[in-house]
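First comes the structure, then the notes that go with it.
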Amino acid sequence: MKFIYTLFLPLLLMGLLSSRARAQNTQRQVVASSGGSGLVGNVFIQYTVGEPVVATFTSGATMLTQGFQQPEYPPLTPGADPVRNFILYPNPAFSTAKAQFELLTGAGVMIRILNSAGQQMYQQFQHYSPGQVVIPVTVSRFAAGIYSVILNVNGKLFFDKLVIQ
Numbered sequence: 007m008k009f010i011y012t013l014f015l016p017l018l019l020m021g022l023l024s025s026r027a028r029a030q031n032t033q034r035q036v037v038a039s040s041g042g043s044g045l046v047g048n049v050f051i052q053y054t055v056g057e058p059v060v061a062t063f064t065s066g067a068t069m070l071t072q073g074f075q076q077p078e079y080p081p082l083t084p085g086a087d088p089v090r091n092f093i094l095y096p097n098p099a100f101s102t103a104k105a106q107f108e109l110l111t112g113a114g115v116m117i118r119i120l121n122s123a124g125q126q127m128y129q130q131f132q133h134y135s136p137g138q139v140v141i142p143v144t145v146s147r148f149a150a151g152i153y154s155v156i157l158n159v160n161g162k163l164f165f166d167k168l169v170i171q
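This note's numbering applies: residue 7 is where the sequence shown begins, and numbers increase by one.
Written out as structure tokens, the structure is:
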């Protein structure tokens, strides 16, 4: 009997420890009688109507809140950049500068232009579908100088410098 424990138990433990770990995927969803979404200024609002919070159930690290609208998970893997090939052109610019990038998922995009003192000179927010995006910005009213362009896509920030002559 001791032979079985000394030989097979370590082999069994090694077999269990060498197996691949698998994770679960969480799919958040809302079941509601009515609701919708809309853009108010620079804020994207999603809402449901008539679903008050009834109760919250927890079990360890898992929580279920009834009546609370959960945010959607992005279709990208966590940590993946939603933007590829972000460029500003022409640089230096005289009258119009264009921000061009490839959007990998539909997202709200905010572009901001700051002067060298950190003052916001321009801001625009819009939702775009996946694909090639070109955002033209009229810069003829800006003074000549070096400006910082900040592109915010779903909380991910992308920076570049823009020279205006």
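Beta carbons: idealized from backbone N, C-alpha and C, even for Gly.
Nearest by alpha-carbon distance to residue i: which of the options is it?
{"i": "L110", "options": "Q125, N91 and F100", "result": "N91"}
{"i": "L168", "options": "F14, P98 and G47", "result": "P98"}
{"i": "G112", "options": "D87, S146 and G124", "result": "D87"}
{"i": "S146", "options": "F100, L15 and G42", "result": "F100"}
{"i": "Q129", "options": "I170, K162, S154 and F14", "result": "S154"}
Between residue i and the rest of its own chain, which residues show a CB-CB distance below 8 Å, the 5 nearest in sequence each way excluded?
{"i": "E108", "result": "V89, R90, N91, G137, Q138 and V139"}
{"i": "M20", "result": "none"}
{"i": "Q125", "result": "none"}
Cutting at 7 Å between CB atoms, please list the residues of its own chain near residue i, excluding the five before and the five after it.
{"i": "F164", "result": "V89, F92 and L157"}
{"i": "P142", "result": "T102 and K104"}
{"i": "A150", "result": "I170 and Q171"}
{"i": "F148", "result": "M127 and I170"}
Would you kindly work out how many angstroms separate the C-alpha atoms of residue i and residue j, rounded to a whole number?
{"i": "L22", "j": "L120", "result": "56 Å"}
{"i": "H259", "j": "M127", "result": "With the chain covering only 7 through 171, there is no way to say anything about residue 259."}
{"i": "D166", "j": "G114", "result": "19 Å"}
{"i": "R118", "j": "Y95", "result": "15 Å"}
{"i": "A123", "j": "S24", "result": "57 Å"}
{"i": "Q171", "j": "S135", "result": "33 Å"}
{"i": "F14", "j": "G161", "result": "52 Å"}
For residue i, count neighbouring C-beta atoms within 10 Å of its own C-beta (all shown protein chains included) and say buried if the count is 16 or more, exposed if not.
{"i": "L4", "result": "With the chain covering 7 to 171 only, the question about residue 4 has no answer from this structure."}
{"i": "V49", "result": "exposed"}
{"i": "I152", "result": "exposed"}
{"i": "V46", "result": "exposed"}
In chain order, what residues of the same chain lie with their CB nearer than 6 Å to the CB of residue i, ignoring the 5 residues before and after it?
{"i": "T144", "result": "T102"}
{"i": "F131", "result": "N48 and M116"}
{"i": "V159", "result": "P88, V89, A113 and V115"}
{"i": "Q106", "result": "I93 and V140"}
Measuring only between beta-carbons, confirm whether residue i sits less than 8 Å from chain D.
{"i": "V159", "result": "The structure shown contains no chain D, having only a single protein chain."}
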